[in-house]
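Visitor: Attaching a single structure in structure tokens format; questions to follow.
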Amino acid sequence: MDFKLLESQVLNGNLDECVEIVNAMDDVTNETKASALFLILKQCLLEFLNNGEDSLALAVLREQICSLLVGRDKVHKLASGILSPKQIGLDKLDDNVICELRKLLLMELENLLPPPITLPEKRLEKLVETAVTSQLESCMYHNSFDTISLYEDHCCSRDQIPTEIVQILTDHKNEVWFVQFSNKGEFLASSSSDCTAIIWKVLEDDRLTLKHTLRSHQNPVSFVAWSPDDTMLLTCGNVEVAKLWDVEVGTCLRTFGDQGFTVSSCAWFPDSKRLVCGSSNPEKGIYMWDCEGNEIKKWKGTRMPKVLDLAVTPDGEYLISIFSDKEIRILNVNTNAERVISEEHPITSLSVSTDSNFLIVNLNSQEIHMWDVAGKWEKPLKYLGHKQHKYVIRSCFGGLNCSFIASGSEDSQTPVACKLT
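In this text, residue positions in the sequence shown follow this note's numbering: the first is 655, and each later residue adds one.
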């Protein structure tokens, strides 16, 4: 059935013909057909009332609408409307109101009748969006904010992935153990076994220049963490305390931990006011502090294993930790509900996606496992290709919408995988 014919009859007020068209429809449920007839007959009743033909309106109600079994409340409302037309949409009796009611009837029929009788709203737009999304998902190297053209199939070249060295930084005096860009991309922080961390500034031409060298650690610095607002930096090491630094002036604001509480990893909550530190001492566990050094909360127990790494999801909802007993623990900070994932091999590092939906861990079995934070997956996605035997190897999410996973490797390569979910 061509909906154009029904549309024409509605707009011209040929409502008897509309009833015939609906009655002749195939592949429409009785319930849908009754609902469509009710809408048309209601319009018929309104137009009779508008013309002052109350007896004909009453006849439509008694002889046609009552037999549709569309619900007693609807019928009672129309009956009341015969006495008070304002209750059913006739605020004033004129032809302009009737024209608007016919247009409204047409919209209601479009929403009610199924395809192929009617075409869903914005159907073509949805088909195009689906096609574009499919092409983006199949584009292995997609890493650009550029607008997608509809005139040709989309396919990014490998040039979208950075593969060439553009600058070598040589200011550290020993091995570099960790690097991380600030959240806004204005700075880079690096930590080293030379007991220092360095803050680098990203220039307008994307080259890096040394801003501050942070020197007050007594042992190798293995980890750094930027505050979400990029004004502060945390540094720590496996046998070190954690230190909080002012990024602008490069001074140490505060020290967290002591000789009995050495900090192996640290992370920020999204308000840039609270931080957590995990201890390499199994008896100390995990502590939450504010930036003034006040203890807010702690998680520890006689059976808690050594904390190897931890992270807070960017939405602040989960604290995720990895332990020396091959477990990943995902703690809901608000409810204290905890989920535990057991891996078969020792875990060396942890990273969380910026959308808070996924985490990846490196295992010494030379695999990277990706899990969903919400706990819907029974098994992880696995990524291979990097070499890991004796060192702590880290991986991270990167690229547009965290579409890629990059990892270090003991063979001097940097494997990059496309994240498939």
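For glycine and all other residues, C-beta sits at the position ideal for the given N, C-alpha and C.
(1) With 16 as the cutoff for other CB atoms within 10 Å, does residue 864 come out buried or exposed?
(2) What is the DSSP secondary structure of residue 869, counted as helix, strand or coil?
(3) For residue 983 and residue 950, which I take to be in contact (beta-carbon distance under 8 Å), what is that distance rounded to the nearest angstrom?
(4) Is residue 973 helix, strand or coil by DSSP?
(5) Assuming residue 915 is part of the beta strand (DSSP E), what are its boundary residues?
(6) Could you check the C-alpha separation between residue 717 and residue 786 for me, to the nearest Å?
(7) Counting pairs of beta carbons, one from the region 855-864 and one from the region 878-891, are three or more of them closer than 8 Å?
(8) Which residues in the same chain have their Cβ closer than 8 Å to the Cβ of residue 1057, if we skip the five residues on either side of it in sequence?
(9) Report all residues from its chain with a CB closer than 7 Å to the CB of residue 1065; omit the five preceding and five following residues, and keep chain order.
(10) Are the CB atoms of residue 1001 and residue 1037 nearer to each other than 8 Å?
(11) Exposed or buried, residue 851, counting other C-beta atoms within 10 Å across all chains shown (16 or more means buried)?
(12) Round the Cβ separation of residue 692 and residue 724 to the nearest angstrom and send it over; I've been treating them as touching at under 8 Å.
(13) Can you tell which of 755, 936, 712 and 662 has the C-alpha that lies nearest to the C-alpha of residue 915?
(14) Considering residue 944, what are the terminal residues of the beta strand (DSSP E) in which it resides?
(15) On a Cα-Cα basis, can you pick out the residue from 846, 838, 882 and 885 that is closest to residue 869?
(16) Return helix, strand or coil for residue 756, following the three-state DSSP convention.
(17) When you compare the CB positions of residue 970 and residue 953, do they come within less than 8 Å of one another, or not?
(18) Apart from the five residues just before and just after residue 804, which ones in its own chain have a Cβ nearer than 8 Å to its Cβ?
(19) For residue 850, does the three-state DSSP call read helix, strand or coil?
(20) By the 10 Å Cβ neighbour count, where 16 or more other Cβ atoms means buried, how is residue 761 classified, buried or exposed?
(21) Consult DSSP for residue 730 and reduce its assignment to one of helix, strand or coil.
(22) Going by the beta-carbon positions, is the gap between residue 897 and residue 905 smaller than 8 Å?
(23) Check for me: the alpha helix (DSSP H) holding residue 713 runs from which residue to which?
(24) Measure the CB-CB distance between residue 871 and residue 853 and report whether it falls below 8 Å.
(25) Is the beta carbon of residue 877 sitting closer than 8 Å to the one on residue 945?
(26) For residue 1051, which three-state DSSP category applies?
(27) Nearest-angstrom Cα distance between residue 788 and residue 1028?
(28) In this structure, what does DSSP give as the bridge partners for residue 900?
Guide: Taking the definition as stated:
(1) Flag for residue 864 reads exposed.
(2) DSSP, read as helix, strand or coil, puts residue 869 in coil.
(3) Incorrect: roughly 19 Å between the Cβ atoms, too far for contact.
(4) Shown here, residue 973 sits in a strand according to DSSP, grouped into three states.
(5) From DSSP, residue 915 is part of no beta strand (DSSP E); its letter is neither H nor E.
(6) Roughly 52 Å between the two C-alpha positions.
(7) In the pairwise beta carbon analysis, the region 855-864 is classified as not touching the region 878-891: fewer than three pairs are separated by under 8 Å.
(8) Correct list, in chain order: 796, 797, 1072 and 1073.
(9) So the qualifying residues of the chain are 1041.
(10) Taking 8 Å as the Cβ cut-off, residue 1001 and residue 1037 do not qualify as a contacting pair.
(11) The residue is buried, with at least 16 neighbouring Cβ atoms inside 10 Å.
(12) Right, the Cβ-Cβ distance comes to about 5 Å (below 8 Å), so this counts as a contact.
(13) Nearest in C-alpha terms to residue 915, of all of 755, 936, 712 and 662, is 936.
(14) Note, residue 944: beta strand (DSSP E), 940-944.
(15) Comparing Cα-Cα distances from residue 869 to each of 846, 838, 882 and 885, the minimum goes to 846.
(16) Three-state result, residue 756: helix.
(17) Taking 8 Å as the Cβ cut-off, residue 970 and residue 953 do not qualify as a contacting pair.
(18) So the qualifying residues of the chain are 782 and 786.
(19) Residue 850: coil per DSSP, three-state reduction.
(20) It is exposed - the Cβ of residue 761 has fewer than 16 other Cβ atoms within 10 Å.
(21) If DSSP states are grouped into helix, strand and coil, residue 730 belongs with the helices.
(22) Between residue 897 and residue 905, the CB-CB gap reaches or exceeds 8 Å.
(23) Run containing residue 713: 708-714, per the alpha helix (DSSP H) assignment.
(24) Contact check for residue 871 against residue 853 fails: the beta carbons are separated by 8 Å or more.
(25) Not a contact, by the Cβ cut-off of 8 Å.
(26) In this structure, residue 1051 counts as strand in the three-state DSSP scheme.
(27) The alpha-carbon atoms of residue 788 and residue 1028 are separated by roughly 25 Å.
(28) For residue 900, which the question treats as bridged, DSSP gives the partners 886.
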